[in-house]
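Colleague: Each residue of the sequence shown is one higher than the one before, starting from 17 at the first, in my numbering.
Note that beta-carbon positions come from the ideal geometry of N, C-alpha and C, so glycine has one too.
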Amino acid sequence: NKILFFTSFIALILFQINSSLVPLIKKNTQGEEYRNLYTFDGYYLPDDYKKVKNIVANGRVLSVGLDPMIAVKNDIKTIDGYHTLYPLKYKKEFRKIIKEELENNQKLRNYYDNWGSRVYAFISDPKNIKINFDEAKIIGADFVISKYEIDHKDLTMLCNDCSKHFKLYKIN
17 NKILFFTSFI ALILFQINSS LVPLIKKNTQ GEEYRNLYTF DGYYLPDDYK KVKNIVANGR
77 VLSVGLDPMI AVKNDIKTID GYHTLYPLKY KKEFRKIIKE ELENNQKLRN YYDNWGSRVY
137 AFISDPKNIK INFDEAKIIG ADFVISKYEI DHKDLTMLCN DCSKHFKLYK IN
């Protein structure tokens, strides 16, 4: 029993040290690019999203490569997200936005079609984003917040320096 207790105690201490040291080490080795997702400010980026909120005001956004609920937490209206209840009609309308992405990725297609709560702008390849921004505009999006740089005829970059973690675009 003493050996089991001692081993468990040492393991617990090591886990605690690890969870404290890893973010510190990563911050010092990766510099300003590091984002500690285990902290409130590191995940929700309130200062960065405050800049976005000033630009989009009451407009709606579509998040690409980011959790759309971060925008919601920062008082920004979205067309995507993790919703417990919404009409099936809306999910079918939203599917038009990501239709090409889903056609090229069986796993994402099954996930979207068979899981009811998540209406996200899924992407398969960040270098070749196939989101239908016209359909997003029809549903009500005026802006796109993207983790990735997007070169698309329907988008105009509004804020390249809002954050080092994302860019803000206006849907034309």
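Within 10 Å of its beta-carbon, does A87 have 16 or more other beta-carbons around it, so buried, or fewer, so exposed?
Modeller: Taking the first residue of the sequence shown as 1, we reach residue 87 at position 71. With 16 or more other Cβ atoms within 10 Å, it is buried.
Colleague: For R125, which of helix, strand or coil comes out of DSSP?
Modeller: Within the sequence shown, the letter at position 109 stands for residue 125. Helix.
Colleague: Could you please give the first and the last residue of the uninterrupted alpha helix (DSSP H) stretch that includes D111?
Modeller: Translated into positions along the sequence shown, residue 111 becomes position 95. Note that residue 111 is Arg in the sequence shown here, rather than Asp. Element bounds for R111: L104 to E119.
Colleague: Which first and last residues belong to the beta strand (DSSP E) in which F159 is found?
Modeller: The residue labelled residue 159 in the question sits at position 143 within the sequence shown. Taken as a continuous stretch (DSSP letters only), the beta strand (DSSP E) holding F159 covers A157 to S162.
Colleague: DSSP has M173 in a bridge; who is on the other side?
Modeller: As a working note, residue 173 is residue 157 in the sequence shown. According to DSSP, M173 bridges with Y185.
Colleague: So, at 7 Å on beta carbons, what are the nonlocal neighbours of M85 in its own chain, with the 5 sequence-adjacent residues on each side left out?
Modeller: Start at 1 with the first residue of the sequence shown, and residue 85 comes out as number 69. The residues are G97 and Y98.
Colleague: Classify Y98 as helix, strand or coil using the three-state DSSP reduction.
Modeller: Here residue 98 refers to the residue found at position 82 when the sequence shown is read from its first residue. In this structure, Y98 counts as strand in the three-state DSSP scheme.
Colleague: If A157 sits next to R76, beta carbons under 8 Å apart, how far is it from one beta carbon to the other, in whole angstroms?
Modeller: Residue numbering aside, residue 157 sits at position 141 when the sequence shown is read from its first letter. Residue numbering aside, residue 76 sits at position 60 when the sequence shown is read from its first letter. Contact flag correct, Cβ pair sits at about 5 Å.
Colleague: Buried or exposed: which applies to K66, given that a residue is buried once 16 or more other Cβ atoms fall within 10 Å of its Cβ?
Modeller: Locating residue 66 in the sequence shown gives position 50, where the first residue counts as 1. By the neighbour-count rule (16 or more Cβ atoms within 10 Å), K66 is not buried but exposed.
Colleague: Taking just the CA atoms, how far does Y127 sit from K183?
Modeller: Numbered from its first residue, the sequence shown carries residue 183 at position 167. Numbered from its first residue, the sequence shown carries residue 127 at position 111. The straight-line gap from Cα to Cα measures roughly 27 Å.
Colleague: Measure the alpha-carbon distance for A27 versus W131 and round it to whole angstroms.
Modeller: Here residue 27 refers to the residue found at position 11 when the sequence shown is read from its first residue. Here residue 131 refers to the residue found at position 115 when the sequence shown is read from its first residue. Approximately 37 Å between the Cα atoms of the pair.
Colleague: Determine the DSSP secondary structure at L82, reduced to helix, strand or coil.
Modeller: For this step, residue 82 is matched to residue 66 along the sequence shown. DSSP places L82 in coil when its eight states are reduced to three.
Colleague: If the criterion is Cβ atoms closer than 9 Å, does the pair I71 and L174 meet it?
Modeller: Here residue 71 refers to the residue found at position 55 when the sequence shown is read from its first residue. Here residue 174 refers to the residue found at position 158 when the sequence shown is read from its first residue. Yes, these two residues count as a Cβ contact at 9 Å.
Colleague: According to DSSP, is A73 part of a helix, a strand, or is it coil?
Modeller: Position 57 of the sequence shown, counted from the start, is the residue given in the question as residue 73. The answer is coil: DSSP assigns A73 none of H, G, I, E or B.
Colleague: Should the segment 145–159 be called in touch with the segment 105–121, which here means at least 3 C-beta pairs below 8 Å?
Modeller: Verdict: yes, contact present.
Colleague: Among the candidates D91, R111 and K163, whose CA atom is the shortest distance from the CA of P142?
Modeller: Against the sequence shown, residue 142 aligns to sequence position 126. Comparing Cα positions, the closest option is K163.
Colleague: Which of the three DSSP states is assigned to K146 in this structure?
Modeller: Counting from one through the sequence shown, the residue named residue 146 turns up at place 130. Coil, per DSSP.
Colleague: Quick check: what's the CA-CA separation for I161 versus H181?
Modeller: Counted from its first residue, the sequence shown places residue 161 at position 145. Counted from its first residue, the sequence shown places residue 181 at position 165. If you take the alpha carbons of I161 and H181, they lie about 10 Å apart.
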